[in-house]
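Notes follow once the structure below has been shown.
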Amino acid sequence: MSSIPMLDLKKQLAGIKDEVVGEVLGVIESGQYILGRMVGRLEEHAAAYIGAKHAIGVASGTDALALSLRALGIGPGDEVITTPFTFFSTVEAILYLNAKPVFADIDPDTFNIDPSKVEEKITAKTRAILPVHLFGYPAAMGRILELAGRHNLKIVEDCAQSFGATINRNGQKAGNRNGQKSIERKSLKTGSFGDAGAFSFYPSKNLGAYGDGGLITTDNDEMERQIRLLRNHGSSGGYIHHYVGFNSRLDELQAAVLLVKLKRLDAYNEKRRQKAALYGRLLSAASIKCPSADDGASGHVFHQYTIRHPRRDAVREKLQGQQISSMVYYPVPLHLQPALRFMGHKEGDFPRAEAASREVLSLPIYPELEDSAIKRISKIVCSV
Ligand SMILES: Cc1ncc(COP(=O)(O)O)c(C=O)c1O
């Protein structure tokens, strides 16, 4: 039996190789490698795709989070509420600014931050909410926007896993950008709700580069101006520096690759949804669920297909025995990470995140994954 990886980027490349090679060669031959035509084009296309006024390319998703928070003026003494069930960099970005991360537990049905738990954590020092659209499933932005509007808080969306994910309105009215606007649209993309959206182009992301990269979306002209300066040593050129900034630029080669993939992203995401639907049908025989998949109103992009299983480790072992990869995202919630001991948390503080860490298992999902592989995987998962 052949092995099944979590992700197969070589298969993806096979479908786009000629175009990618042509674009990459074009950049190499242009002699312009930093902040040139390709980054500008990607920013334009990404802003239009997400439905944001601006998009700014940066060096990574982590930097996208940190620069967004910095441009909102968040710093020492400020509290930022986020989820304990996410990748570590969500909280690193807050700590880079010497601000205080404050955790709010997750909704067990979606793995995303629970807005009612967020509300319990708001204090006079709270400046922002940082929801993560984990595994490609949009966080409950309607309620988060409402809370932010009521308490005058900023929102930075962590969209590292959710390029192209939407919240579908079913004709309902919804607030946008801190509830200031009320708009009626059928669906809105993640990254268009908050004051800023932070995206990652890490190669394994559903829109991935061939190296590191990130992007920030915002409707705020002043934030855009600041982020453009901050990513380039605080300078707009001419060796005049308005801020002490960073070297955090998306490079031309990555932008060229991303432009090729962005054109195909809707098709890739649709394939992921089809794969997820097949998993859903096959796994339901054993009452195994990918919790967030149940909500038909959301435009989940299935960056991961993550189930809960009471015997998770046994399932993982059995899959491994058949050379099938699976991953545990994430085995230790952030409040119990060794690096964050100084925050003084203990086991039991966020029981839903802790339960998720014990029970989750992400199964292979990517547009090129064969249906026969999904059938093979599902059969093994159902047999444990
Ligand atoms: C939820 C989340 N936030 C932030 C990041 C950071 O992105 P990057 O690796 O591009 O810095 C990642 C991925 O790596 C992520 O999964």
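Read in order, the letters of the sequence shown correspond to residues 11 to 394 in this note's numbering. The C-beta atom is built at its ideal place from N, Cα and C for all residues, glycine as well.
(request) On a CA-only basis, which of P94, H251, Y59 and A208 is nearest Y339? Give me that one, please. (result) It is P94 whose Cα lies nearest to the Cα of Y339.
(request) Return yes when the Cβ of V68 is within less than 8 Å of the Cβ of R241, no when it is not. (result) Yes, the pair counts as a contact, with Cβ atoms nearer than the cut-off.
(request) Pull every residue with its beta-carbon under 6 Å away from any heavy atom of ligand 1, and keep them in chain order. (result) The answer, residue by residue, is S70, G71, T72, T96, F97, S99, T100, V142, D168, A170, Q171, S210, Y212, D222 and G224.
(message) Assuming contact is defined by CB atoms lying nearer than 8 Å, are D213 and A365 in contact in what I supplied?
(response) The displayed chain sequence assigns Pro, not Asp, to residue 213. Between P213 and A365, the C-beta gap is not smaller than 8 Å, which leaves the two residues out of contact.
(message) By the DSSP assignment, the alpha helix (DSSP H) with T120 in it spans what residues?
(response) First-last for T120: undefined, no H or E at that position.
(message) Comparing C-alpha positions only, which one of A175, Q171 and V128 sits nearest to H161?
(response) Among A175, Q171 and V128, the Cα nearest to that of H161 is on V128.
(request) Specify whether the region 271-290 and the region 105-113 touch according to this definition: at least 3 beta carbon pairs, one from each stretch, less than 8 Å apart. (result) When Cβ pairs closer than 8 Å are counted between the two stretches, the region 271-290 is seen not to touch the region 105-113, the count staying below three.
(request) Return the CA-CA distance between F443 and R282, expressed in angstroms with no decimal places. (result) The question about residue 443 has no answer here: the residues shown for the chain are numbered 11 through 394.
(request) Please name the residue in Q22, I139, G223 and S382 whose C-alpha comes closest to that of S210. (result) Among Q22, I139, G223 and S382, the Cα nearest to that of S210 is on G223.
(request) Have a look at K385, S202 and A363 and flag the residue whose alpha-carbon is nearest the alpha-carbon of I63. (result) Correcting the residue type first, residue 63 is Lys in the shown sequence and not Ile. The shortest C-alpha separation from K63 is found at S202.
(message) Which of the three DSSP states is assigned to F203 in this structure?
(response) Three-state result, F203: coil.
(request) Starting from R318, follow its DSSP beta bridges and name the residues at the other end. (result) Paired residue(s): K299 and V370.
(message) So, at 7 Å on beta carbons, what are the nonlocal neighbours of L19 in its own chain, with the 5 sequence-adjacent residues on each side left out?
(response) Leaving aside the five residues that flank L19 on each side, the residues in its chain whose CB is nearer than 7 Å to its CB run, in chain order, P213.
(message) Mapping the DSSP letters down to three states, classify A138 as helix, strand or coil.
(response) A138 carries a strand assignment under DSSP once its states are collapsed to helix, strand and coil.
(request) Could you have a look at P125 and say whether DSSP puts it in helix, strand or coil? (result) Helix at P125.
(request) Please determine, among V142, C392 and N178, the residue with the shortest C-alpha to C-alpha distance to A114. (result) Ranked by Cα distance from A114, the options V142, C392 and N178 are led by V142.
(message) Suppose contacts are defined by Cβ-Cβ distances below 8 Å. Is V370 in contact with V325 by that definition?
(response) No. Outside cutoff.
(request) Please check the pair T228 and P148, which I expect to be a contact at CB under 8 Å, by giving their CB distance rounded to whole angstroms. (result) Contact between T228 and P148 fails: their C-beta atoms lie close to 18 Å from each other, not under 8 Å.
(request) Please determine, among L52, D168 and S99, the residue with the shortest C-alpha to C-alpha distance to V270. (result) The shortest C-alpha separation from V270 is found at L52.
(message) Measuring straight from C-alpha to C-alpha, what distance separates M151 and A158?
(response) The alpha-carbon separation between M151 and A158 amounts to approximately 10 Å.
(request) Can you give me the Cβ contacts of V49 inside the same chain, cut-off strictly under 7 Å, excluding the 5 residues immediately before and after it? (result) Result list for V49: G67, L260, E262 and A265, in chain order.
(request) Using 10 angstroms around the beta-carbon of A287, count the other beta-carbons present and answer buried if the total reaches 16, otherwise exposed. (result) Burial call: exposed.
(request) Please look up how many angstroms separate the CB atoms of F173 and N216, rounded, as I've assumed it's under 8 Å. (result) Contact flag correct, Cβ pair sits at about 6 Å.
(message) Suppose the cutoff is 8 Å on Cβ atoms and the five residues either side in sequence are ignored; what does the same chain contact list for L293 look like?
(response) Scanning its chain for C-beta atoms nearer than 8 Å, with the 5 sequence neighbours on each side dropped, one finds around L293 the residues K299, C300, I317, S388, V391 and C392, in chain order.
(request) Look up N216 in the DSSP assignment and say whether it is helix, strand or coil. (result) Coil at N216, not helix or strand.
(message) Taking the alpha carbon of I26 as the reference point, which residue from S197, E234 and V267 has its own alpha carbon closest?
(response) The residue from S197, E234 and V267 with its alpha-carbon nearest to that of I26 is V267.
(request) In the DSSP assignment, find the alpha helix (DSSP H) that holds L75 and state where it starts and stops. (result) L75: member of the alpha helix (DSSP H) spanning G71 to A81, first to last residue.
(request) Measuring alpha carbon to alpha carbon, tell me which of Q284, T133 and V394 ends up nearest I384. (result) For the residues Q284, T133 and V394, the minimum Cα distance to I384 belongs to Q284.
(request) Give the single residue among L350, N122, L144 and A170 whose Cα lies nearest to the Cα of I153. (result) The sequence shown places Arg at residue 153, rather than the Ile named in the question. It is N122 whose Cα lies nearest to the Cα of R153.
(request) Determine the closest residue to Y376 out of V101, L17, H355 and R351, with distance taken between C-alpha atoms. (result) Considering only alpha carbons, the answer is L17.
(request) List the whole-angstrom C-beta distance separating I84 from R47, where the pair is believed to meet the contact cut-off of C-beta under 8 Å. (result) Their Cβ separation, rounded to whole angstroms, is 33 Å, which puts I84 and R47 out of contact at 8 Å.
(message) Comparing C-alpha positions only, which one of A295, E167 and A349 sits nearest to A74?
(response) For the residues A295, E167 and A349, the minimum Cα distance to A74 belongs to E167.
(request) Give a yes or no on whether the C-beta atoms belonging to S336 and I177 are separated by under 8 Å. (result) Their beta carbons are not under 8 Å apart, which means S336 does not touch I177 by this criterion.
(message) For E156 and K164, what's the separation of their Cα atoms in angstroms?
(response) About 11 Å.
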